[in-house]
Amino acid sequence: MAAMGVLISILLLLLTPPSLLAADDFCDNVKAVGAILSKNASASPVHFASATFGQAPDVVSALALCGGDILDGSACAGCITSWFDKQALNQTQCARAGSNYRDCIIAYGGAAANILAAPSNATGGSGDNTPPFEDWSIRNVSVSGGAGAVPLVVGLTRELLAATAEKAAVTTPSRYATGVMDMESVATYPRVYSQARCTPDLPADECSACLRRLLGMVNSTMSMRMGGQMGVTRCYFRYDAFQFYSGQPLLSLPAPAPAAAPTPNKSRRSMLWVIPVVVVPLTAAVFLLFICYYRRRKGSRYARRKMQEKNSEFSFFDFAELVVATSNFSEENKLGEGGFGPVYKGVGDSGQETCFTFTTGIHRVPK
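Going letter by letter, the sequence shown gives residues -22 to -1, 1 to 345 in mature numbering (1 follows the signal peptide of the UniProt record, and there is no 0).
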């Protein structure tokens, strides 16, 4: 009976495809490296670990980084363990490589994947040419405030992401940063929250370069989305119109100042100065000319009147002078009417009592 069991085992071994045998070894190594990462990352102050396990050709390299807002070691271990369990449900479903960019960044692969390589200028940012992980909101930026409001919000969001990326690059030892910007002063739009991180083993310049490459890959269509995230093995960023991480933002950008009213240009201001400089002297000159003309005309009338008085036995008076002399043509001063019209008595400017009558001018009748 024992011999029969050995024979059956040998037959099953002979009938098993070589690829499945290799898959068994590789998946065992994936499970092992997952357990190592879960233990080491949860014990790390920055919740980061890398490991290599197995022998060629089934060697497995991997790294894991829990989110900067995951402060509890057990939560970090649970995130890593749960993900690796899903990747190796059974030996026939074990993938040759895998990655995760949710609550914890995880990546593993064989020797060809070169997971632990330093970032390069390649698309993947980890030494390979794999495309980055991307996940974008289905909603576009919608702002009430004119045609220029949407580009303004998009531009300010990019500024926030760039500032958060630089903050993450210089933050040691975690290489992790969060940010927020209040848009309400320039548009009817909620606050925008941001997050950026690199694996802590990266130098500041390589972290900054990795994040800048990711931001540079955001095209005009994706930049119009209300939220999104993009990541490679070594760096990752995310933004949204709600706070998706725990704790206070490490970076708070000041609210942009409202657009100032346009100021007149220099030439226009110069023209405004020219107006009073020209108008005031011109007005004064016209006024002086009027005074001179009025006095000259008054003098001419006075001279004509004196000439008429000289050539006549009558004296000429202005109406205003006559009103004063006759007490406003009172009946008491009216003497009667003659050939020249009504005759009034009154006191002239000489103090003598005089008779006055109307013609084309006001005459003093000799008494």
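Cβ atoms here follow ideal geometry from the backbone N, Cα and C, with glycine treated the same way.
Could you give the first and the last residue of the continuous alpha helix (DSSP H) run that contains residue i?
i: residue 146; result: 127 to 148
i: residue 184; result: 182 to 194
i: residue 52; result: 51 to 65
From residue i to residue j, what does the alpha carbon distance come to, in whole angstroms?
i: residue 231; j: residue 168; result: 14 angstroms
i: residue 31; j: residue 40; result: 9 angstroms
i: residue 12; j: residue 114; result: 29 angstroms
i: residue 42; j: residue 81; result: 11 angstroms
i: residue 183; j: residue 149; result: 12 angstroms
i: residue 26; j: residue 44; result: 7 angstroms
i: residue 194; j: residue 122; result: 28 angstroms
i: residue 163; j: residue 127; result: 11 angstroms
i: residue 138; j: residue 158; result: 7 angstroms
i: residue 2; j: residue 65; result: 13 angstroms
i: residue 267; j: residue 165; result: 60 angstroms
i: residue 227; j: residue 174; result: 11 angstroms
i: residue 83; j: residue 200; result: 22 angstroms
i: residue 116; j: residue 198; result: 15 angstroms
i: residue 210; j: residue 49; result: 23 angstroms
i: residue 261; j: residue 299; result: 33 angstroms
i: residue 91; j: residue 190; result: 23 angstroms
i: residue 263; j: residue 269; result: 10 angstroms
Could you say which of the options lies nearest to residue i if we only look at CA atoms?
i: residue 18; options: 4, 53, 37 and 5; result: 53
i: residue 93; options: 178, 76, 51 and 64; result: 76
i: residue 220; options: 164, 172 and 15; result: 172
i: residue 144; options: 156, 131 and 196; result: 156
i: residue 208; options: 158, 130, 195 and 112; result: 112
i: residue 192; options: 130, 215 and 170; result: 215
i: residue 4; options: 110, 190, 74 and 199; result: 74
i: residue 206; options: 135, 91, 49 and 60; result: 135
i: residue 60; options: 22, 49, 15 and 210; result: 15
i: residue 79; options: 49, 110 and 310; result: 110
i: residue 161; options: 91, 204 and 261; result: 204
Using a Cβ-Cβ cut-off of 7 angstroms (strictly less than) and excluding sequence neighbours within five positions of residue i, which residues of its own chain qualify?
i: residue 185; result: 146, 147, 153, 176 and 213
i: residue -8; result: Low per-residue confidence applies at residue -8: pLDDT is 41, beneath 50, and the placement is therefore not dependable, though the value from the model is reported in the following sentence. Here the set comprises nothing.
i: residue 20; result: 51, 52, 54 and 55
i: residue 130; result: 164 and 165
Who are the Cβ neighbours of residue i in its own chain at under 8 angstroms, not counting the five residues just before and after it?
i: residue 180; result: 96, 97, 153, 188, 212 and 213
i: residue 202; result: 118, 119, 128 and 132
i: residue 37; result: 7, 30, 31, 88 and 89
i: residue 22; result: none
Can you list, in chain order, the residues of its chain with a C-beta nearer than 6 angstroms to that of residue i? Leave out the 5 residues immediately preceding and following it.
i: residue 352; result: Residue 352 lies beyond the residue range present for the chain, which begins at -22 and ends at 345; the question has no answer from this structure.
i: residue 10; result: 31
i: residue 196; result: none
i: residue 62; result: 12
Which whole-angstrom value describes the C-beta separation of residue i and residue j, a residue pair presumed to lie in contact below a C-beta threshold of 8 angstroms?
i: residue 89; j: residue 34; result: 6 angstroms
i: residue 229; j: residue 141; result: 6 angstroms
i: residue 57; j: residue 8; result: At roughly 17 angstroms, the Cβ-Cβ gap does not stay under 8 angstroms, so residue 57 and residue 8 are not in contact.
i: residue 225; j: residue 6; result: With a Cβ gap of about 38 angstroms, residue 225 and residue 6 do not count as contacting.
i: residue 170; j: residue 217; result: 6 angstroms
Under DSSP, the beta strand (DSSP E) around residue i begins and ends at which residues?
i: residue 94; result: First-last for residue 94: undefined, no H or E at that position.
i: residue 208; result: 206 to 209
i: residue 219; result: Premise fails: residue 219 is in no beta strand (DSSP E) and is neither H nor E.
i: residue 368; result: For residue 368 there is no data in the structure shown, the boundaries of the chain being -22 and 345.
i: residue 349; result: The shown model of the chain, from -22 to 345, leaves out residue 349, and the question about it has no answer.
i: residue 77; result: 75 to 79
i: residue 27; result: 26 to 31
i: residue 174; result: 170 to 176
i: residue 154; result: 154 to 159
i: residue 112; result: 111 to 114
i: residue 229; result: 229 to 231
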